Amino acid sequence: MFQVFCIFIPLLAAIFMPFFFKKISSIHTGWFVLVVPVFLVIYYATFVPAISKGDTIIEQLEWIPSLGISFVSYLDGLSLLFSLLISGIGALVVLYSIYYLDRTREKLHNFYIYLLMFMCAMLGVVQSDNMMTLYLFWELTSISSFLLIGYWNNRDKSRFGALKSTMITVAGGMMMLGGFVLLSIMGDTFSIRELIAQAPELVTNDLFVVALVLILLGAFTKSAQFPFYIWLPDAMEAPTPVSAYLHSATMVKAGIYLVARFTPIFAQSEVWVWLVSATGLLTLFWGSFFALKQRDLKGILAFSTVSQLGLIMSLLGVGAIAYHVEGAESSIFKYAAFAAIFHLINHATFKGSLFMIAGIVDHETGTRDIRKLGGLMSIMPVSFTVAIIGSFSMAGLPPFNGFLSKEMFLTAMISIAQFDLFNFSTWGILFPIIAWIASVFTFIYSFYFVFKTFTGKGNIEELPHKPHEAPVGMLISPVILAGLVVVLFFIPNILADTFIKPAVMAIQPFLYSSPEQINIHVAAWHGEITTELYMTFGIIALGLVLYLTLAKWQKMYNLFPSKLTLNNLYDFVIYELFDKWVARLSGQYMTGSIRRYLSYMLGSIAIIVIATLFIQDAFRVSFEDASPIRPHQIIVILVLVVGTITTVFAKSRITSIVALGLVGYTVSLFFVMFNAPDLALTQLVIETISVALFLLAFYHLPQYRKEEERTRFRFSRAFVSIAVGVMVTLVALSAHSQKFIGSISEYYKETVYSLAGGGNIVNVILVDYRGFDTLFEVAVLAIAGIGIFAMIKLRLSTKGDKL
């Protein structure tokens with residue numbers, strides 16, 4: 001069970017954080033938090049040898065077995081890779097945050113609690129085999145990211161960004177839940193592994209495409225795909241450690257993980273192939289194009305993240321074509337899945353380092369506005385070096401790891417147009433074209449980020465802070481990530497054999513039975529000049545020209561109508577349409593009148609119940625076992641009706657109280673007629689006390705006002721009261737006429753003496769059969785008595801009297 005327990009270790013650490021915070025306030029809290037991700041990295045690293053051979057490791061903890069819901073830690077190549085990214089990048093981010101966040105000015109306990117919550121949620125997402133627990137952790141990522149993005153809650157932009165990200169991702173999560181439910185209905189299980197085994201049968205189900213689209217909505221909103229990407233730039237208001245963790249390596253990759261995990265189920269559908277590949281490619285172009293419009297360093301990185309996520313998503317879509325072709329032709333598309341995982345790792349390294357550098361620049365200069373920056377290369381040489389490495393890798397230049405995965409991406413895009421499958425021979429020609437254009441803009445924004453920040457004259461004297469190189473501790477994490485960017489370029493096949501191939505096997509389990517069967521060798525040079533290499537030369541040449549002339553054509557972004565944006569559409573829907581419309585609507589019924597609220601509730605219940613009785617044909621009336629009605633009972637009924645009507649329409653409170661008492665006494669007469677003297681006695685006592693208390697209380701109330709005396713008849717009130725009465729009557733008649741099981745009274749009659757040892761059935765029921773019920777009733781009376789005693793004592797003490 002330790003494997004399942006490790007998922008919750010960050011959450012347990014978060015729970016105990018407040019208890020230790022005051023005691024360790026002299027030391028930065030991050031040093032204690034750092035232990036958690038470091039331990040997890042070491043722990044998950046022990047699974048690498050087994051997983052790299054194609055093994056899977058499963059542990060299960062039952063949660064709600066009656067519903068088939070359990071915590072299942074499922075470690076295969078894909079989930080282990082993500083677990084190591086979550087814990088490994090998490091450790092570097094925590095180390096970076098120790099030097100980035102001032103312990104004297106920041107609420108560090110809150111920050112690390114939220115961060116640990118998020119770490120737990122992400123580990124749960126990538127390791128859950130049960131779809132319901134996956135959804136639970138999925139929503140926990142939304143909650144914790146909301147808290148992290150809005151960490152600086154005194155800033156309007158932070159609160160706005162947190163709300164925006166939550167609204168969009170939670171809405172997508174709800175859609176995803178609907179897809180999970182449909183899948184469970186189709187496959188009669190919540191287990192993803194079992195659904196994968198049933199994939200050939202599921203594809204023929206009428207609900208298959210609906211489930212597919214709903215699950216993709218969840219993935220697209222979380223991974224900031226077009227048109228749902230708009231939350232990601234606003235989330236940049238979070239502290240830089242949050243951006244480096246959530247928006248480069250973890251949260252935004254959750255949607256990527258979801259698509260990869262469910263590919264074996266949905267890849268056999270052409271809808272999946274088109275939606276995933278086309279949406280990813282559109283997102284790649286859109287993010288890369290609009291990155292050059294940004295003036296904020298983290299804004300540039302936000303749009304670059306959108307574009308890079310689109311690149312990975314498009315590769316997963318193209319890789320799904322391998323399920324539709326056979327033989328040598330399928331190898332190209334297996335190659336795409338390999339490239340997707342490879343670039344996912346590469347993106348975590350270079351983008352994580354770039355976010356940290358953006359935070360360092362902001363921390364040391366006081367601004368992220370690229371128009372105010374420049375000339376920092378000589379002042380911050382280490383930061384400049386890391387920025388060069390990360391940016392050149394993002395641009396797809398050698399000798400950095402981004403070059404290798406970018407070449408594989410171009411190979412996959414070129415190959416897609418070669419097959420007459422799903423009309424790719426017609427529309428597929430657009431894939432390499434769009435990919436190439438987007439790669440050009442990727443090249444430009446990479447150079448834009450690094451050279452506009454660190455080269456040129458700059459205005460050093462006008463910066464809010466006098467710039468200087470960051471402390472060594474703040475540089476450790478980005479330097480490590482930049483080092484990985486270079487190292488992975490020279491040893492890509494060690495990475496491939498250890499991590500990438502087992503992950504690809506998890507994405508394409510029907511195509512491989514072991515990682516050794518994935519015959520892909522990564523190399524920077526394949527011995528010949530290929531089409532992809534020509535495309536790279538073109539990217540570099542055109543990219544350099546456009547970058548050098550950036551000032552001349554960057555103004556074209558001003559031509560785009562500022563009002564016709566997805567952000568404005570979101571603002572209109574949320575704040576103009578929903579807020580104002582809902583406010584007007586709620587103003588119509590939220591009047592503060594308890595009488596109205598009761599009318600709404602009781603009327604709704606009555607309508608629903610009565611409608612259900614007749615729609616479901618559940619209403620039955622049978623008088624076969626009813627006793628005959630005698631003349632004296634008719635008289636009592638008439639008295640009961642008269643008393644009820646008098647209670648409602650009486651003009652005097654005294655008259656209403658007396659009439660209400662008459663109703664109670666009449667009901668007690670029915671108990672006597674039906675041989676229930678104990679109930680009759682109880683009813684008589686209650687009615688006597690109630691009438692006396694009512695008279696005592698109403699004696700102190702003011703007289704009726706004139707407007708109260710002329711209260712008009714209200715049809716709505718009459719309708720509600722009649723509807724409730726009809727509902728209760730119909731339900732009582734139906735319940736009496738449709739007894740599917742015998743009355744429990746027979747069991748009481750048979751066992752009251754033999755098992756309970758009592759002669760009075762009522763006493764035995766109250767003391768033995770309903771012992772706990774009676775105990776709690778006594779407890780309620782005791783609490784009420786203590787409360788009354790306290791109020792009396794308080795009132796007397798204010799008057800100076802003694803009790």
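Mind the numbering: the sequence shown is residues 1 to 803 in UniProt numbering, read in order. Ideal placement from N, C-alpha and C gives every residue a C-beta, glycine not left out. Keep in mind the model is a prediction, meaning the values are calculated, not measured.
query                                                                                                           : result
CB-CB length for GLY280 against GLY319, believed under 8 Å                                                      : Not a contact, Cβ separation roughly 11 Å.
Contact belief for ARG193 with ARG295 at Cβ below 8 Å, rounded distance in angstroms                            : Contact flag wrong, Cβ pair sits at about 48 Å.
Inter-residue spacing [alpha-carbon to alpha-carbon] between VAL290 and ALA45                                   : What sits at residue 290 in the sequence shown is Phe, not Val. PHE290 and ALA45: Cα-Cα distance of roughly 39 Å.
Proximity to PRO398 [Cα-Cα], best of THR536, ASN760, TYR135                                                     : THR536
N- and C-terminal bounds of the beta strand (DSSP E) containing PHE71                                           : 69–75
GLN738 burial status per 10 Å Cβ neighbour count (16 or more: buried)                                           : exposed
Residues bridged to GLU59 [DSSP beta-bridge criterion]                                                          : SER73
C-alpha distance - ARG368 paired with SER353, whole-angstrom precision                                          : 16 Å
Reduced DSSP secondary structure (H/G/I, E/B, other) of ILE64                                                   : strand
Alpha carbon of PHE623 to alpha carbon of ALA611, nearest angstrom                                              : 23 Å
Strand pairing of ASN130, partner residues [DSSP]                                                               : SER191
Other residues of its chain near VAL720: CB distance less than 6 Å, five sequence neighbours each side excluded : SER599, LEU602, GLY603
Beta-carbon gap between THR202 and GLY187 smaller than 9 Å                                                      : First, the residue type needs correcting, since residue 202 is Leu and not Thr in the sequence shown. Yes. Within cutoff.
Three-pair Cβ contact test at 8 Å for the segment 104–116 versus the segment 61–80                              : no
Where ARG595 falls, given that 16 or more other Cβ within 10 Å makes a residue buried                           : exposed
Reduced DSSP secondary structure (H/G/I, E/B, other) of ARG710                                                  : Its pLDDT being 45, under 50, ARG710 is placed unreliably in this model, and the value from its coordinates should be taken loosely. Here ARG710 sits in coil by DSSP.
Three-state secondary structure assigned by DSSP to ASP617                                                      : coil
Residue from ILE744, ILE143, THR666, LEU693 with nearest C-alpha to ALA680                                      : THR666
Bridge partners - ASP296, DSSP secondary structure assignment                                                   : ASP369
Residue environment, HIS465, which counts as buried when at least 16 other CB atoms sit within 10 Å             : exposed
Backbone secondary structure at ASP234 - three-state DSSP                                                       : helix
Secondary structure of SER599, DSSP reduced to three states                                                     : helix
Rounded straight-line distance, which links the Cα of LEU11 to that of SER79                                    : 19 Å
Residue burial classification, ALA677 (beta-carbon count within 10 angstroms, cutoff 16)                        : For the record, residue 677 in the displayed sequence is Pro; it is not Ala. Under this definition PRO677 is an exposed residue.
Contacting residues, own chain, Cβ-Cβ under 7 Å from VAL672 (five flanking each side not counted)               : ALA680
Length of the line joining the Cα atoms of LYS53 and THR365                                                     : 49 Å
Cα-Cα separation, GLU407 to LEU246                                                                              : 27 Å
Distance, LEU613 Cα to GLY88 Cα                                                                                 : 59 Å
Cβ neighbour criterion (16 or more within 10 Å) applied to MET1                                                 : exposed
Status (buried if at least 16 other CB within 10 Å, exposed otherwise) for GLU707                               : Because GLU707 sits at a pLDDT of 44, beneath the cut-off of 50, its placement in the model cannot be relied upon, and the point is left open.
Pairwise C-alpha distance: LEU217 and ILE507                                                                    : 19 Å
Spatially closest choice to LYS175 from THR141, VAL213, ARG155, ILE196, by CA coordinates                       : The question names Lys, but residue 175 in the sequence shown is Met. Comparing Cα-Cα distances from MET175 to each of THR141, VAL213, ARG155, ILE196, the minimum goes to VAL213.
The alpha helix (DSSP H) enclosing ARG584, as first and last residue numbers                                    : 580–589
Cβ-Cβ separation, VAL36 to LEU116 (assumed contact under 8 Å), whole Å                                          : 7 Å
Supposed contact pair ASP76 and PRO515 - C-beta distance, whole angstroms, cut 8 Å                              : In fact, because the Cβ distance is near 11 Å, the residues do not count as touching under 8 Å.
CB of ILE98 within 9 Å of CB of LEU183, strictly                                                                : no
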